[in-house]
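Everything on this sheet refers to the single structure shown next.
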Amino acid sequence: MTTVHCVLGRWPGRGASWMRVLVSVDMEGIAGVVDRDDISPGHGEYERNRKLLTAEASAAVRGVHAYEADAQVLVTEAHAAFRNLLPELLDRRAELLRGDPKPDGMMAGLAPDVDAILFIGYHGKAGTARSVMSHTISGGVIADVRCDGRSLGELGLNTALAAHSGVPAVLVSGDDTVAAEAADVAPGMHAVVVKRALGARAAALLHPDEACERIEAAVPKALADREAVRALRFDGPVLLEVEVLRPHMTERALLVPGIERMDGRTLRYAAPDFPAAYRVAELIAMLGGI
């Protein structure tokens, strides 16, 4: 009988000497992408842009290994149904988390023994002016997410979730509006601007190869500066408020114990901690889209 030793996903404990980095990869912030058709399966541009998406993820992986050759890198899909990257084109030194649902969705793979997180292809939060395809969790459902009264987009929510585990979010790539958002939610986070937003569906773009080169070059610097990041963090209970686009989108969520309606489009939940608030916000987005 042949014995098979599986090492996929084996992450060493704190005693290990090498670095562990999580790379969360969304699609709206990729260089070359400006329209919903660019990122939606079934449209002609989507297949081409999957290659651009995978190339930017691979650039981040190369940047991690340039900083520490023996680093462990986990890439987690963060767009739509989490099946967009082309596994055969991804840098082979990385492990890939794909498929839906995943624990913590865009942040699957987050653990206290991760040393840093990188956000690739991210976008501005819902309601951001002159921002390419800005939204929060679900563009068809969510108008705003507030934690203890503070409005947060995906970057802010994910950065705060990482901070709750003691993991610094050190770099984001995307358009100039998400770079500005990074400065607000995590002073010290590095930002790679791969396109300058001209509107919700228009941008001035870097060449995809140039975008990859800039990401790869920025990652080692961001990892070296990770102790300087001062990310937004929520300790203790969190009052979550989720504003949806239409009143009927609140109805299924009200079946969940503890969720209350504040007005026609706003739901409230007193979460015991930030991870619970994060997951309930995701749940509201899912139930509102049914």
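At position 20 of the sequence shown the residue is numbered 1 (the working numbering), and the sequence of numbers has no breaks.
Built from N, CA and C at the ideal position, the CB exists for glycine as well.
These figures come from a predicted structure and were not determined experimentally.
Problem set entry | Nearest-angstrom Cα separation, counted from D244 out to R227 | Using only the alpha carbons, I get a separation of about 11 Å.
For this session: Could you check the C-alpha separation between C(-13) and I118 for me, to the nearest Å?
Result: At C(-13), the pLDDT of 36 sits below 50, so the modelled position is not reliable and the matter cannot be decided from this model.
Exercise. Between which two residues does the beta strand (DSSP E) containing A75 stretch?
Worked result: Segment A75 to L78, the beta strand (DSSP E) holding A75.
Exercise. Under 8 Å between the Cβ atoms of I101 and S154?
Worked result: Annotated as proximal: I101 and S154, with beta-carbon spacing under 8 Å.
For this session: Ignoring anything shorter than 3 residues or poking outside the segment 193 to 270, list the beta strand (DSSP E) runs there in chain order.
Result: Listed in chain order, they are 219 to 225, 240 to 242 and 247 to 252.
Exercise. Between L55 and L78, is the Cβ-Cβ spacing less than 8 Å?
Worked result: Yes, the pair counts as a contact, with Cβ atoms nearer than the cut-off.
Problem set entry | Ordered list of alpha helix (DSSP H) runs contained in the segment 120 to 170, each at least 4 residues | The qualifying runs are 135 to 145 and 157 to 166.
Problem set entry | Candidates D94, A62, G90 and A92: closest to P82 by CA position | That would be A62, whose Cα lies nearest to the Cα of P82.
Exercise. Excluding the five sequence neighbours on either side, which residues of its own chain have a C-beta within less than 6 Å of the C-beta of G269, listed in chain order?
Worked result: V122, V225 and M230, listed in sequence order.
Exercise. To the nearest angstrom, how far is it from the Cα of V148 to the Cα of L138?
Worked result: Roughly 13 Å between the two C-alpha positions.
Exercise. Roughly how many whole angstroms lie between the Cα atoms of L33 and E191?
Worked result: Straight-line Cα distance between these residues: approximately 12 Å.
Exercise. Do you know offhand how far V151's Cα is from R246's?
Worked result: Roughly 34 Å between the two C-alpha positions.
Exercise. Once you ignore the five residues that flank E49 on each side, which residues in its own chain have a CB closer than 6 Å to its CB?
Worked result: If we look at E49 and ignore the five residues flanking it on each side, its Cβ neighbours are M0.
Problem set entry | Closest residue to D72 among R182, C193 and V261 (Cα-Cα distance) | Looking at the Cα atoms, C193 is the closest of the given residues.
Exercise. Can you name the residues that DSSP bridges to R31?
Worked result: None; R31 has no bridge partner.
Exercise. For I20, which residues does DSSP report across the bridge?
Worked result: Answer by DSSP bridge pairing: none, since I20 is not bridged.
Problem set entry | Whole-angstrom distance between A181 and D157, CA atom to CA atom | Roughly 12 Å between the two C-alpha positions.
For this session: List the endpoints of the continuous beta strand (DSSP E) containing I101.
Result: That run of the beta strand (DSSP E) goes A97 to Y103.
Problem set entry | Pair within 8 Å by beta-carbon distance, A258 and L221 | It is a contact, given that the beta carbons lie within the stated cut-off.
Exercise. Are the beta-carbon atoms of V174 and E9 separated by less than 8 Å?
Worked result: Their beta carbons are not under 8 Å apart, which means V174 does not touch E9 by this criterion.
For this session: Leaving out five residues on either side along the sequence, give the residues of the same chain with a beta carbon under 8 Å from the beta carbon of M(-18).
Result: Its pLDDT being 38, under 50, M(-18) is placed unreliably in this model, and the value from its coordinates should be taken loosely. No residues qualify anywhere along the chain.
Problem set entry | Rounded separation between Y27 and G239 - CA only | Straight-line Cα distance between these residues: approximately 40 Å.
For this session: List the DSSP bridge partners of E58.
Result: Beta bridge pairing from DSSP links E58 with V6.
Exercise. For the putative contact between G134 and A107, defined by C-beta atoms under 8 Å, what is the C-beta separation to the nearest angstrom?
Worked result: With 8 Å as the limit, G134 and A107 qualify as a contact, their Cβ atoms being about 7 Å apart.
Problem set entry | Length of the line joining the Cα atoms of L66 and V95 | C-alpha separation (whole angstroms): 22 Å.
Exercise. Exposed or buried, which one is D7 when buried takes at least 16 other CB atoms within 10 Å?
Worked result: D7 counts as buried, since no fewer than 16 other beta carbons sit within 10 angstroms of its beta carbon.
Exercise. How about M170 and A163: are their beta carbons less than 8 Å apart?
Worked result: Yes, these two residues count as a Cβ contact at 8 Å.
Problem set entry | Coarse secondary structure for G90, derived from DSSP in three states | Residue state for G90 is assigned as coil, using DSSP reduced to three classes.
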